[in-house]
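In my numbering, the protein residues as written are 1 to 267.
Virtual Cβ for every residue (Gly too), placed ideally from N, Cα, C.
Worksheet: one structure, shown below.
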């Protein structure tokens, strides 16, 4: 009987000691991971813009510890990617640069408002209420929701249309996600440092476009004919540029009769 009691007591003691040791080891490992996490977070820009695909910088840092590549932070760019890679002991491949642009040039100089909206000055509110204040139903509403959403102060509303400062834009995509008319577009850099972009997305056709906006795409195909690299197409009456094929030669912009094609310069 005594043997059984001593055996039980010995097993209990071994289990207790083992649990204490496991607790100590897990705490030390946790502290080490927390220190690594804190350092990774300190490298990241801390704007929590979501461009990396995660909810914020801390969530991305946790993912980095689990093996996620360190090149997803467009806000931090190559410098941050290199610092993350060096700390994690992996190779840095650099960040694919993205820039945002507004696919609309319908400023007050080109478009006459049909109605004056008297409600809350918000693009989302306006769009939800199905108002149509502009002659063009595809154009920028100009209330500045995108500017408020930009953590980098890269957007201004000028003459009724949002404009993006590419020197400040990080390509995080917050403005594009928020725009109710989806006229803010993100473009990833191809082989060239510049790419042509069509600053219009209307599908009304040439005749109707000429009636309501002097800066809209009229689907005339002149840009398609001018492009020697087959980078420009016309879909549903509106030109589109494939940045992977565009060389930045600017031939399409020079051929455009309404000025609806511009150039986007990558940082």
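Using 10 angstroms around the beta-carbon of residue i, count the other beta-carbons present and answer buried if the total reaches 16, otherwise exposed.
i	result
residue 145	buried
residue 60	buried
residue 268	Coverage of the chain is limited to positions 1 through 267, which leaves residue 268 absent and any answer about it impossible.
residue 215	buried
residue 65	exposed
residue 79	exposed
residue 168	exposed
residue 202	buried
residue 191	exposed
residue 207	exposed
residue 244	exposed
residue 136	buried
residue 30	Annotation note: pLDDT 48 at residue 30 (below 50); position unreliable, coordinate value reported separately. Per the 10 Å Cβ criterion, exposed.
residue 248	buried
residue 70	buried
residue 40	buried
Looking at the unbroken beta strand (DSSP E) that takes in residue i, where does it start and where does it end?
i	result
residue 274	As shown, the chain starts at 1 and ends at 267. That puts residue 274 outside it, with no answer to give.
residue 194	194 to 198
residue 264	261 to 265
Quick one: is residue i near chain C, going by C-beta distance under 8 angstroms?
i	result
residue 223	No chain C appears in the structure shown, which is made up of a single protein chain.
Measuring only the C-alpha atoms, how far is residue i from residue j?
i	j	result
residue 143	residue 161	8 angstroms
residue 73	residue 87	15 angstroms
residue 108	residue 140	11 angstroms
residue 210	residue 77	41 angstroms
residue 166	residue 62	30 angstroms
residue 154	residue 170	9 angstroms
residue 228	residue 187	21 angstroms
residue 260	residue 105	7 angstroms
residue 103	residue 35	44 angstroms
residue 172	residue 50	7 angstroms
residue 185	residue 37	33 angstroms
residue 183	residue 204	15 angstroms
residue 57	residue 164	24 angstroms
residue 176	residue 213	23 angstroms
residue 45	residue 262	31 angstroms
residue 95	residue 101	19 angstroms
residue 125	residue 89	48 angstroms
By DSSP's criteria, residue i is part of a beta bridge. Which residues make up the other side?
i	result
residue 156	163
residue 99	187
residue 240	233
Between which two residues does the alpha helix (DSSP H) holding residue i run?
i	result
residue 212	206 to 212
residue 86	77 to 88
residue 145	145 to 149
residue 91	Unbroken run through residue 91: none, as it is neither H nor E.
residue 64	57 to 65
residue 124	123 to 128
- prompt: Taking three-plus beta-carbon pairs below 8 angstroms as touching, is the segment 216 to 227 in contact with the segment 247 to 267?
  reply: yes
- prompt: At a cut of 8 angstroms, does the segment 233 to 247 reach the segment 189 to 200 through at least three beta carbon pairs?
  reply: yes
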